[in-house]
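Chemist: Quick one: structure below, then a few questions.
Protein chains in written order, with this note's numbering: chain Z, 1 to 363; chain W, 1001 to 1363.
Below is the structure:
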């Protein structure tokens, strides 16, 4: 099959690496020079909002998917008239706007933080009155990795928050006192069958994912089922095909949805070496109409992002149970350059190896 | 690292797929159009005996390896003057000539079938007198997948054997009454450290590998050690760097070496899904001077070659524990188009799945 991917970053790279063994060939639409997918297929240089470039890109393809959720809906819809596009564009619409997303969760009886739309400073004052402090002001669109967010801790923060983000469509969310953050990763195929990986525990620093551990420890079966039910409802409502990630807060009142990503997700990179079939293969199987692979996990896994720098490769590879995944990107502070997966039977040993990788990162 | 691979077939394809996550980039020297590596790196079109093309190919590379053992030694040596070439060219010299190979095994006290050099019909008569029947007449060079071999069962076969193969340098080998065929796969890095995968049991049909099962059942620890010792001796003698496969006969007198391949090998494809780090990754680690990955295996694995045809992909993927690896080749009778790996805890269940794949192949 000839597969097109909107985006040529590391997720596109790993989708292609997982798809080649299934006999797929890849073409990418990507505006930047020398992207992570360089060498892994044909690259059509073009901006994502250039519908003409997108049509050239799509000519002769069997299916199109995307590797980031800020693909313009207009582009995806133009392509969907000519070729199968999965996940469906409705998923883009929901994921691109945090207000639409939160309302979508609520419509499906999925708990979220309390939230208010904020379009003016008066709205913000009113919303703070409703929700109290602390609270998080967020742009409705184009936020990722902690960008476009401002945490308000006391009343004096209101002015700084408004001056940082005001003038764009916003929403205010009540602060959720969570015990930890979890992520559920599901994959659904056209027939409606869905499978889920075990919940991963995610650790962020300044809004960027730093580590994930899977299966998350001390998760009751009912909590896993609850998470699957939430992700499953979203997928069913959207007629979803592909991998979907839902980031969750684990709170005293139970799970609460934070955000979703209609694509393969950093919280699921551990599946490359910790599951029989990884998220990248399962996404490609789903969008190409093939049977889903297994998501059953028998060992413990962890993932450490390599942010801003890559420690000496030989030192990483010499650690027990490690698997390296580099993205072919040049270093820049905070940039995701790769990740290390760690696997083993003993979660404590896995965690020790994670600490040693972290020490290499900060050496 | 910029890696060059002499050859652009499926082994080059799988080396590249394993090397990209380690941050490697690939260039291939390959004479045929649209090879299996198409899309996976830069392809320099050229014949392997065209030293000028080989030099163009090697410009700017950090290391060169090869994916088949019939690379002309002259080409490899010309390149070795300009860039690191692993495995060493001495391994090519040994593997390209079955007589040199057999003598090499004997020099290292590795048992082989009795053999005689055959350069004339008189030599053949004398060799048959020495070794008796049945016996196998083989070309010394360019044999693979059972090509260049003639099994003599009675005296009347001598004329047919000579007319099929005579005129080239040959050797006659005594027939080895083996219980089964095994293969040992080792990897050695520049420091001299070597690791070995568990022995695989290989099943051939008309000289072509059809299936492999690993770890081979009913193998005593002493037999595994013996196999490792044989492969280890070859690697040490050659100053070997990379993956080496040695095909063995399991006989009542113990293991006997049949052939070696100084490269990743079809008998080790199961490691892609049945070992923590596969032969392709370990080969790339070794030739790039990185620490070796783990070869410790905890489950049972099998590999089924897809020869001449690819059954419906969806039916293969729906079987339990299967992993598909296609090579992007067009079908032709007997051609290796891909393979299916099967994994699981229960060797009987793995074998049942192998039977179901075989049934799909012959449906």
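Yeah, the Cβ is synthetic: ideal placement off N, Cα and C, and Gly gets one too.
Identify the residues that DSSP records as bridge partners of residue 1030 of chain W: which are they?
Modeler: The residue labelled residue 1030 of chain W in the question sits at position 30 within the second chain. Partner(s): W/1045.
Chemist: May I ask you to list the residues that DSSP assigns as paired with residue 1247 of chain W?
Modeler: As a working mapping, residue 1247 of chain W is identified with position 247 in the second chain. W/1183 and W/1259.
Chemist: Please tell me whether residue 86 of chain Z has its Cβ less than 8 Å away from any Cβ of chain W.
Modeler: Translated into the one-based positions of the first chain, residue 86 of chain Z becomes position 86. Chain W contact via Cβ: absent.
Chemist: If I'm right that residue 279 of chain Z touches residue 243 of chain Z with Cβ under 8 Å, what's the distance once you round it to whole angstroms?
Modeler: For the purposes of this step, residue 279 of chain Z is taken as residue 279 along the first chain, with counting starting at 1. For the purposes of this step, residue 243 of chain Z is taken as residue 243 along the first chain, with counting starting at 1. Between residue 243 of chain Z and residue 279 of chain Z the Cβ distance is about 5 Å, and since that is below 8 Å, they are a contact.
Chemist: Would you kindly report the start and end of the unbroken alpha helix (DSSP H) that includes residue 1318 of chain W?
Modeler: Taking the second chain and counting its residues from 1, one reaches residue 1318 of chain W at position 318. Unbroken run through residue 1318 of chain W: none, as it is neither H nor E.
Chemist: In chain order, what residues of the same chain have a beta carbon less than 8 Å from the beta carbon of residue 49 of chain Z, not counting five sequence neighbours either side?
Modeler: For the purposes of this step, residue 49 of chain Z is taken as residue 49 along the first chain, with counting starting at 1. 72, 74 and 75, listed in sequence order.
Chemist: Measuring straight from C-alpha to C-alpha, what distance separates residue 1260 of chain W and residue 20 of chain Z?
Modeler: Residue numbering aside, residue 1260 of chain W sits at position 260 when the second chain is read from its first letter. Residue numbering aside, residue 20 of chain Z sits at position 20 when the first chain is read from its first letter. So the two alpha carbons sit approximately 29 Å from each other.
Chemist: Along the chain, which unbroken stretches of the alpha helix (DSSP H) at least 4 residues long are found entirely within the segment 1120 to 1179 of chain W?
Modeler: DSSP runs (the alpha helix (DSSP H)) wholly in the segment 1120 to 1179 of chain W: 1121 to 1131 and 1157 to 1165.
Chemist: How would you list, in chain order, the residues of chain W whose beta-carbon sits under 7 Å from the beta-carbon of residue 197 of chain Z?
Modeler: As a first step, residue 197 of chain Z is located in the first chain; it is residue number 197 there, counting from the start. Result: empty, since nearest Cβ-Cβ is about 17 Å, beyond 7 Å.
Chemist: Terminal residues of the continuous beta strand (DSSP E) containing residue 1068 of chain W?
Modeler: The count along the second chain starts at 1 and reaches residue 1068 of chain W at position 68. Unbroken run through residue 1068 of chain W: none, as it is neither H nor E.
Chemist: With a threshold of 8 Å between beta-carbons, can residue 129 of chain Z be considered close to chain W, or not?
Modeler: Residue 129 of chain Z sits at position 129 when you count from the first residue of the first chain. Output row for residue 129 of chain Z: interface = no.
Chemist: Which residues in the same chain as residue 112 of chain Z place their Cβ atom closer than 7 Å to its Cβ, once the five residues preceding and following it in sequence are excluded?
Modeler: Counted from its first residue, the first chain places residue 112 of chain Z at position 112. Once the five neighbours on either side are set aside, the close Cβ partners of residue 112 of chain Z are 102, 105, 106, 256 and 257.
Chemist: Is residue 303 of chain Z near residue 212 of chain Z, with beta carbons less than 8 Å apart?
Modeler: Your numbering for residue 303 of chain Z matches position 303 in the first chain. Your numbering for residue 212 of chain Z matches position 212 in the first chain. Yes; because the gap between Cβ atoms is below 8 Å, this pair is in contact.
Chemist: Is residue 325 of chain Z close to chain W, meaning its C-beta is less than 8 Å from at least one C-beta of that chain?
Modeler: In the first chain, the residue the question calls residue 325 of chain Z occupies position 325. Answer yes: the Cβ-Cβ gap between residue 325 of chain Z and chain W drops below 8 Å somewhere.
Chemist: Quick check on DSSP: helix, strand or coil for residue 1082 of chain W?
Modeler: Here residue 1082 of chain W refers to the residue found at position 82 when the second chain is read from its first residue. Here residue 1082 of chain W sits in coil by DSSP.
Chemist: Consider the Cβ of residue 1039 of chain W: report whether some Cβ of chain Z lies at a distance smaller than 8 Å.
Modeler: By one-based count along the second chain, residue 1039 of chain W stands at place 39. Yes, residue 1039 of chain W counts as interfacial toward chain Z.
Chemist: Examine chain Z for any beta-carbon lying closer than 8 Å to the beta-carbon of residue 1285 of chain W, and answer yes or no.
Modeler: As a working note, residue 1285 of chain W is residue 285 in the second chain. Residue 1285 of chain W counts as touching chain Z.
Chemist: Helix, strand or coil: which one does DSSP assign to residue 1118 of chain W?
Modeler: Within the second chain, numbered from 1, the residue matching residue 1118 of chain W stands at position 118. Here residue 1118 of chain W sits in strand by DSSP.
Chemist: Less than 8 Å between the beta carbons of residue 173 of chain Z and residue 147 of chain Z, yes or no?
Modeler: As a first step, residue 173 of chain Z must be located in the first chain, where it is residue number 173. As a first step, residue 147 of chain Z must be located in the first chain, where it is residue number 147. No, Cβ-Cβ distance for residue 173 of chain Z and residue 147 of chain Z is not below 8 Å.
Chemist: With a cut-off of 8 Å, does the C-beta of residue 225 of chain Z fall near any C-beta of chain W?
Modeler: Taking the first chain and counting its residues from 1, the one referred to as residue 225 of chain Z is at position 225. Answer no: the Cβ-Cβ gap between residue 225 of chain Z and chain W never drops below 8 Å.
Chemist: Determine whether the Cβ of residue 25 of chain Z lies closer than 8 Å to any Cβ atom of chain W.
Modeler: As a first step, residue 25 of chain Z must be located in the first chain, where it is residue number 25. Chain W, which has a Cβ nearer than 8 Å to the Cβ of residue 25 of chain Z, makes this yes.
Chemist: Starting from residue 328 of chain Z, find everything on chain W with Cβ-Cβ shorter than 7 Å and list it in chain order.
Modeler: Counting from 1 along the first chain, the entry for residue 328 of chain Z is found at position 328. What residue 328 of chain Z touches in chain W: 1023.
Chemist: Could you name the residues of the same chain whose beta carbon sits closer than 6 Å to that of residue 1247 of chain W, not counting the 5 residues immediately before and after it, in chain order?
Modeler: Locating residue 1247 of chain W in the second chain gives position 247, counting from the first residue. 1183, 1258 and 1259, listed in sequence order.
Chemist: Quick one: what does DSSP say residue 1208 of chain W is sitting in, helix, strand or coil?
Modeler: The sequence position of residue 1208 of chain W within the second chain is 208, counting from 1. Of the three classes helix, strand and coil, the one that applies to residue 1208 of chain W here is strand, per DSSP.
Chemist: Measure the CB-CB distance between residue 1051 of chain W and residue 1029 of chain W and report whether it falls below 8 Å.
Modeler: Within the second chain, the letter at position 51 stands for residue 1051 of chain W. Within the second chain, the letter at position 29 stands for residue 1029 of chain W. Taking 8 Å as the Cβ cut-off, residue 1051 of chain W and residue 1029 of chain W do not qualify as a contacting pair.
Chemist: By how many angstroms is the C-alpha of residue 1341 of chain W removed from the C-alpha of residue 1313 of chain W?
Modeler: Here residue 1313 of chain W corresponds to residue number 313 of the second chain, with the count starting at 1. Here residue 1341 of chain W corresponds to residue number 341 of the second chain, with the count starting at 1. Roughly 13 Å separates the two Cα atoms.
Chemist: Give the range of the beta strand (DSSP E) segment to which residue 1110 of chain W is assigned.
Modeler: Taking the first residue of the second chain as position 1, residue 1110 of chain W is located at position 110. Premise fails: residue 1110 of chain W is in no beta strand (DSSP E) and is neither H nor E.
Chemist: Might you give, ordered along the chain, the residues of its own chain that have their beta carbon closer than 7 Å to the beta carbon of residue 1209 of chain W, omitting 5 neighbours on each side?
Modeler: For this step, residue 1209 of chain W is matched to residue 209 along the second chain. So the qualifying residues of the chain are 1202, 1266, 1267 and 1305.
Chemist: Does the segment 1286 to 1304 of chain W come within contact of the segment 326 to 333 of chain Z, defined as at least 3 CB pairs closer than 8 Å?
Modeler: The segment 1286 to 1304 of chain W is not in contact with the segment 326 to 333 of chain Z.
Chemist: Within its chain, find whatever has a CB closer than 7 Å to the CB of residue 1224 of chain W; leave out the 5 residues flanking it on each side and keep chain order.
Modeler: Working through the second chain from its first residue, we reach residue 1224 of chain W at position 224. 1198 and 1199, listed in sequence order.
Chemist: With a CB to CB cut of under 6 Å and the five nearest residues on each side skipped, what residues in its chain are close to residue 150 of chain Z?
Modeler: Walking along the first chain from the start, residue 150 of chain Z turns up at place 150. If we look at residue 150 of chain Z and ignore the five residues flanking it on each side, its Cβ neighbours are 137, 161, 164 and 165.
Chemist: Is DSSP giving residue 89 of chain Z helix, strand or coil here?
Modeler: For the purposes of this step, residue 89 of chain Z is identified with residue 89 of the first chain, where counting begins at 1. Looking at residue 89 of chain Z - three-state DSSP - the assignment turns out to be helix.
Chemist: Identify the continuous alpha helix (DSSP H) that holds residue 1370 of chain W and give its terminal residues.
Modeler: With chain W running from 1001 to 1363 in the structure shown, residue 1370 of chain W is simply not present.
Chemist: Give every residue of the same chain whose Cβ lies closer than 6 Å to the Cβ of residue 1323 of chain W, excluding the five residues on either side of it in the sequence, and list them in chain order.
Modeler: As a position in the second chain, residue 1323 of chain W is number 323, starting the count at 1. Hits under 6 Å: 1273 and 1341.
Chemist: At least one CB of chain Z closer than 8 Å to the CB of residue 1048 of chain W: is that the case?
Modeler: Residue mapping note: residue 1048 of chain W aligns to position 48 of the second chain, counting from 1. Judged by the 8 Å Cβ criterion, residue 1048 of chain W is not in contact with chain Z.
Chemist: Thinking C-beta only, is residue 1009 of chain W closer than 8 Å to residue 1035 of chain W?
Modeler: Position 35 of the second chain, counted from the start, is the residue given in the question as residue 1035 of chain W. Position 9 of the second chain, counted from the start, is the residue given in the question as residue 1009 of chain W. In contact: residue 1035 of chain W and residue 1009 of chain W (Cβ atoms closer than 8 Å).
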